[in-house]
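Have a look at the structure below, then the notes.
Residue numbers (the working numbering): 387 to 702.
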């Protein structure tokens, strides 16, 4: 494997690892201690400072306006979508919201093909379709609640889907115009912190009666989330958005399900099992197709891996 052209696979794999583990334990603070989701967001925003510090070591912060534009759009659409998701889940059924939100890679793929002129061969296209189908199947829970199946949550879910699709596109576009990974992630960190006051307003009051385990567990899990976000930026700067977006969104839930099976002894439903098969098959096809093409998809904003400075994996 050519490290310069195929290193996106390494970072995508690290992303899947970190987000897969994060996904398996991310709900614990809320389900076990009743910790507000908005407070979880606030802690996540501050944990972004950790990988941001390591990313900036040895790198120069790009002060060009174009770097700020794409970095802020990526950050605000990602963080804003997360806050909007909390509101949507409070007003609508999760079993309908998550499949809609999970279609965000479709937005990324379409934007990359139309605006970045990214090409995709037939074999990779089959893999993308399989991965997108897997994402939806993996989002279908085993049971349904009694929430209303209509209301403002539908518009919010669509907005989140579009926002997260645009976020991924902006990560790739920033690298294409020569913005380094550290700068893009720095602006994403700033964006997340800018929305902290909004989260406080949504929360209403500070959870002063929460046990210390709640914020501690939140901090540990959200560090995984934050480091994973940095790996996502690095994967997008080295690989095509048409491949990276579907493959990462499909494989991370697979690892989450596997870990949940081992830790909580919970089996996936039929749709989840089918989604796992499609995710693995689609991801294999996309990686094989990229290897076979030998095309260099590294953007100007991606540093040479030999000199690249990334956060220590031992520590989203």
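Ideal Cβ placement from N, Cα and C applies to all residues, glycine included. Note that the structure is a prediction, hence the values are computed from the model and not measured.
When DSSP labels each residue in this structure, what does residue i get in the three-state scheme?
i	result
residue 449	coil
residue 477	helix
residue 552	helix
residue 672	helix
residue 444	coil
residue 397	helix
residue 652	coil
residue 565	coil
residue 621	helix
residue 657	helix
residue 538	coil
residue 411	helix
What separation, rounded to the nearest whole angstrom, lies between the Cα atoms of residue i and residue j?
i	j	result
residue 575	residue 465	9 angstroms
residue 513	residue 674	10 angstroms
residue 578	residue 462	7 angstroms
residue 549	residue 650	32 angstroms
residue 400	residue 611	11 angstroms
residue 425	residue 483	21 angstroms
residue 627	residue 560	12 angstroms
residue 434	residue 511	34 angstroms
residue 585	residue 475	15 angstroms
residue 421	residue 597	9 angstroms
residue 608	residue 416	13 angstroms
residue 451	residue 570	12 angstroms
Here's the rule: buried if 16 or more other CB atoms are within 10 angstroms of the residue's CB, otherwise exposed. What is residue i?
i	result
residue 427	buried
residue 652	exposed
residue 448	buried
residue 405	buried
residue 558	buried
Just to check my reading of the structure: residue i and residue j have Cβ atoms closer than 8 angstroms, yes? What is that Cβ distance to the nearest angstrom?
i	j	result
residue 419	residue 638	About 24 angstroms separates the two Cβ atoms, so there is no contact after all.
residue 441	residue 562	19 angstroms between Cβ atoms; not a contact.
residue 573	residue 454	6 angstroms
residue 517	residue 668	4 angstroms
Quick check: the segment 431-445 against the segment 482-499, are there 3 or more CB pairs under 8 angstroms? Fewer than three beta-carbon pairs drawn from the segment 431-445 and the segment 482-499 are found closer than 8 angstroms, and the two stretches are therefore not classed as touching.
Would you check if the segment 615-628 and the segment 552-572 touch, i.e. whether three or more CB-CB distances between them fall below 8 angstroms? In this structure the segment 552-572 lies against the segment 615-628, because at least three pairs of beta carbons, one per stretch, are closer than 8 angstroms.
Decide if the segment 661-675 is in contact with the segment 605-619; the criterion is three or more beta carbon pairs, one per stretch, under 8 angstroms apart. In short, these stretches do not touch, since the Cβ pair count stays below three.
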